[in-house]
Amino acid sequence: MNTGSRKNKLTPYLWLLPSILLIAVFVVFPIAIVFRLSFSEISKSGVPGGFNGIRNYVDAVNLPAFRTVMINTFWWVVSVVGLSTLFGIIIALVLNQEFFGRKAARSILIFPWATSLVIQASVWNYIIKYEYGSLNNVLLNLGIIKEAMNWRSSYQVEFVWECAVGIFVTVPFVAFCVLSGLQSIDKSLYESAIVDGAGFWDKLFRITLPLVKPALSVSTVLNIIYVFNSFPIIYTMTKGAPANKTDTMITYLYMLSFYDRKKGPAIALSVIGFVILCICAGIYMTVVMRKEEEQ
Amino acid sequence: MKADPAKNNRLSLIWFLPGLLLALILMSLPLYHFTANVYTKKSANTFVGDDTYKEVRAEVDAAAEEFRAQGMDVNVEEAVTTRTNSKGEETSLVAFSITQTVSKNLWSFLFAGLPSSPVLWIMTACMVLSLFCAACVTAGGRSVSHPRRENRKTDPAGTASSGKADRKSRLLLDVSCWLLLAGIILTPVFLLMNNYLFWRKIRLYNEELVTEGRDALFSKMDAFLFHGDMGEGIGQALGNLSVSHSPAVWLLMLCFLLLAVAAVRLRFGNVKKPVLRVLLYAFVIAVCAVTLYPYYVMFITAFRSNAETLDMYFLHLLPTKWIWSNLSDIIHRGVPGFLLNSLMIAGGATALAMLCGIPAAYAMARMNFKGKKAFLGFVIMSQMFSPVVLLIGISQLMNTLHMSDSIPGLIFINAAFNQAFAIWLLRGTFIAISPEMEQAARIDGCSTTGSLVRVLLPMAAPGIVTTLIFVFINAWNEYTISTVLISTAAKRPITVGITQFSSFNMIEWQYLFAASLLATVPVVILFMAIEKHLTSGLTSGGVKG
């Protein structure tokens, strides 16, 4: 084959072209727009004006709810990612055992992953209603509680519920990532460990966890990004009420730009969020690339 | 443990028989105490110690004597409520009540005809049969060698050496153990059913919040607790019914636990393994139950009437009447249109993502060129940015392209944001297939495109289908961008469309969930189909909805 010709050198790029175009127009371009807008004056209807310096950023940081929202975002990401990773590992370890009905259990566990977040959030919203919610009904019927409980008595409790729903929908992702890591572990390692007299905890900490670490780190970094970006749960369950006390950054910037008509600070927040994501993405890239090289 | 299996078994049996007998005896102790209100007398404007008080008190005491004469165990109680009225005078109300305490043992539940009675029948039958079987084994004086599993290992020739009688007694032992375990497992069911009846159902019946089947249950309770003496007054008697357990219940539980251990030892020869197994199943069942719970709620609510969805006193597992018209109602409220929009958006986005992604993945898998790594980085980076952070940028872009409020716009966005995953997973699939077949095809005169379409794609079909379905599901479930970009109601996808059933002051749960059900079922089934292929591709790339 004549690999030296100019045409052949260009061929790979032609194959990549549609994909590059698609990403460039619909991903890269909006990024550019957001960056440009964040430094310009924006009218209430969203029409960009002249250069405005860092005015939008100053406005964003000075918003009354800025601090609460940042703290919420931190807790949201840490609790959802942390706990869903913990539960995910436990569930993956269990699902990795041989038992009757394992296939059915796996199929059931995948449900939350396959369901739209709006729908999940709506269902949980119904479940924890005080007056007629299903949770109160079931617990009362089983005689576990004697009086209906108010499951959303304050915004703190509601935020905890939102985190719980976040964990609920995230666990399958982690579990299945870890499970695929577990299934690639060579069984003979355990056999020789048993010969050496290793106990359950030894096997867990010396063999299992180190070997699923690559799978786990990829899933954790991805999770941080997805959870940070998660919008429907909080938007459906509380809409950030009362007074942005349960908002995270993403829902807050949505509210700012599409309800409160404060496009300027909203865009500045977008950029701040974008930068945070970039840092996470950088970590992710290093992890994935290193893994690529190992293979 | 290995020393003498027969001796070990005999030891277990010694535990087992008296344990069972003890359990049966404990069941005849009074375990449930019911305190019911049989007589109430309220006296207004009465202060403790004054004349009216003494008068009423004497009347109540007389009534109590009458009850005692009938052989009932009654107590007189009084409650004083003092209040300051609008004129500033202090008033006092004394309420006398005569309460009767009835104690019941578990046997009496058998014939009470309560909802939990059949469960108790099964439990008792299991235990008695188990006792019988175990007694047969010991009475036969046969030495029971170690259970089957252990036997198979040590004695590969089967049970040739052990005689027919031995096999029979082993079978008896097996039956005995399983029956006992079944009986014990039913205990919480029985307790929960009683809880449900005494704490919830009777209360709701009495407050007339639920009425269906009330009279039948009340007459049964009357017969059970008061030998039918209450008649008309049964409603009042059950009004403040309180139930308590005697400490013997805990003894019974302990007894059951020991029995369970003995049964497990007899059947399996060792306790740790089966217990771990049971814990494993318990965990899996608990996790599955929690996972399925919201889906169960969604399913039953979708077929309940509006009144039932808002009913805190709902006592049934399933809707009392299946309202299929919920489905036809949502059809008239635009849901088929939303589903069609979703189908168009998800289908279009999938097609576009695959059309752009397959060539790119092919180039990444089969060709060498400068900037390959940079492109890979570019692709992975693009995966990081969920469209939400870029919402404002995207809506601006869509305005410029005149694609806001249009389905094609959503198709492009969804395709672009799923591009990374599509390329990543396809590339992995292509790399796993050896390039030899394509080379052979090319020698036969096939072009690169030809070899891709005719040779590689059919071989990579499973991976392609997985990618396809995954992109489809992601686009189908997408919500945020659609809310922002689509303003015309008729162009909404289903995820946005369902929100029309929930406004701030009124949520039509039954419609919301009926539509959600229609939106969820197809994608869950699709997802289950690709689950196996997906897991293997997971950690090599990044995937999540």
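Residue numbers (this note's numbering), protein chains in the order written: chain A, 1 to 295; chain B, 1001 to 1545. In this text, a Cβ means the ideal position worked out from N, Cα and C, and glycines have one as well.
Alpha-carbon to alpha-carbon, I1433 (chain B) and G1450 (chain B): Near 17 Å, if we compare the C-alpha coordinates of I1433 (chain B) and G1450 (chain B).
Candidates A:N72, A:G53 and A:S107, of which the one nearest L1292 (chain B) by Cα: Among A:N72, A:G53 and A:S107, the Cα nearest to that of L1292 (chain B) is on A:S107.
Distance CB(L1252 (chain B))-CB(L1026 (chain B)) smaller than 7 Å: Yes, the pair counts as a contact, with Cβ atoms nearer than the cut-off.
7 Å Cβ cutoff, N1477 (chain B) in contact with chain A: Yes, its Cβ sits closer than 7 Å to a Cβ of chain A.
Candidates B:F1513, B:A1519, B:K1491 and B:N1505, of which the one nearest T1309 (chain B) by Cα: Selected option, being the one with the closest Cα: B:F1513.
Contacts of M149 (chain A) in chain B (Cβ-Cβ under 7 Å): For M149 (chain A), there are no neighbours in chain B by C-beta distance under 7 Å, as the nearest C-beta there is about 12 Å away.
Backbone CA spacing between I1289 (chain B) and D1061 (chain B) [nearest angstrom]: The residue asked about is misnamed: residue 1289 (chain B) is Ala in this sequence, not Ile. Cα-Cα distance, rounded: 54 Å.
Contacts that E1531 (chain B) makes with chain A (C-beta to C-beta distance below 7 Å): The answer, in chain order, is R106, S107 and I110.
Boundaries (first-last residue) of the beta strand (DSSP E) holding E1078 (chain B): For E1078 (chain B), the enclosing beta strand (DSSP E) starts and ends at V1074 to T1084.
Listed by chain order, chain A residues near M1344 (chain B) by CB distance under 8 Å: Per Cβ cutoff of 8 Å: no residues; M1344 (chain B) is ~17 Å from chain A at best.
Given 8 Å, three or more beta-carbon pairs between the stretch 190-207 of chain A and the stretch 258-270 of chain A: Contact between the stretch 190-207 of chain A and the stretch 258-270 of chain A is absent, because fewer than three Cβ pairs lie under 8 Å.
Within chain A, the residues that Q1419 (chain B) reaches when beta carbons sit closer than 7 Å: Per Cβ cutoff of 7 Å: S19, L22 and I23.
Listed by chain order, chain B residues near A281 (chain A) by CB distance under 7 Å: Ordered by position in chain B, the residues that pass the 7 Å Cβ test against A281 (chain A) are M1381 and M1384.
Exposure label - T1400 (chain B); buried when at least 16 CB within 10 Å: The residue is exposed, with fewer than 16 neighbouring Cβ atoms inside 10 Å.
Straight-line gap, R1170 (chain B) to V1278 (chain B) (C-alpha atoms, nearest Å): Answer to the nearest angstrom: the Cα atoms are 23 Å apart.
Exposure label - L1317 (chain B); buried when at least 16 CB within 10 Å: Looking at its Cβ environment, which holds fewer than 16 other Cβ atoms inside 10 Å, L1317 (chain B) is exposed.
Identity of the residue in B:P1336, B:V1243, B:C1356 and B:T1499 nearest S296 (chain A) by Cα: Since the first residue of chain A shown is 1 and the last is 295, residue 296 (chain A) is not available in this structure.
Residues bridged to H1033 (chain B) (per DSSP): Beta-bridge pairing links H1033 (chain B) to B:S1103 and B:S1244.
Three or more C-beta pairs below 8 Å linking the stretch 1336-1350 of chain B and the stretch 1481-1496 of chain B: Yes, the stretch 1336-1350 of chain B touches the stretch 1481-1496 of chain B.
Contact with chain A by S1516 (chain B), beta-carbon distance below 7 Å: Contact of S1516 (chain B) with chain A is assigned, a C-beta pair being separated by under 7 Å.
Reduced DSSP category for V1038 (chain B) - H, G, I as helix; E, B as strand; rest coil: It is a strand residue.
Within chain B, the residues that V34 (chain A) reaches when beta carbons sit closer than 7 Å: Here the neighbours are L1390, I1392 and G1393.
Segments of 4+ residues assigned as alpha helix (DSSP H) that fall wholly inside the stretch 1182-1250 of chain B: Within the stretch 1182-1250 of chain B, complete alpha helix (DSSP H) segments of at least 4 residues are found at 1202-1206, 1214-1226 and 1234-1239, given in chain order.
Status (buried if at least 16 other CB within 10 Å, exposed otherwise) for N125 (chain A): When all chains shown are included, N125 (chain A) counts as buried.
Beta carbon proximity, F1111 (chain B) to chain A, threshold 7 Å: Cβ-Cβ to chain A under 7 Å: no for F1111 (chain B).
Collapsed DSSP secondary structure at I54 (chain A) in the structure displayed: I54 (chain A) falls in the coil class under three-state DSSP.
Contacts that P1359 (chain B) makes with chain A (C-beta to C-beta distance below 9 Å): Residues of chain A with a Cβ closer than 9 Å to the Cβ of P1359 (chain B) are, in chain order, L14, W15, L16, L17, P18 and S19.
Counted within 10 angstroms of its Cβ, other Cβ atoms place L1276 (chain B) as buried (16 or more) or exposed: Counting Cβ neighbours within 10 Å, L1276 (chain B) comes out exposed, since fewer than 16 surround it.
Close beta carbons around Y1039 (chain B), own chain, < 6 Å, minus the five adjacent residues each side: If you ignore the 5 residues before and after Y1039 (chain B), its C-beta comes within less than 6 Å of the C-beta of A1063 and I1098, all in its own chain and listed in chain order.
Assumed close pair S1382 (chain B), Q1419 (chain B) - CB separation to whole angstroms, cut-off 8 Å: About 7 Å; that satisfies the 8 Å criterion.
Classification of S122 (chain A) by the beta-carbon crowding that lies within 10 angstroms, buried from 16 upward: So S122 (chain A) ends up on the buried side.
Classification of G82 (chain A) by the beta-carbon crowding that lies within 10 angstroms, buried from 16 upward: With fewer than 16 Cβ atoms within 10 Å of its Cβ, G82 (chain A) is classed as exposed.
Residues of the stretch 81-100 of chain A with Cβ closer than 7 Å to any Cβ of chain B, in chain order: So the list reads I91, V94, Q97 and F99, given in the order they occur along the chain.
Listed by chain order, chain B residues near G143 (chain A) by CB distance under 7 Å: Residues of chain B with a Cβ closer than 7 Å to the Cβ of G143 (chain A) are, in chain order, L1192, N1195, Y1196, W1199 and R1200.
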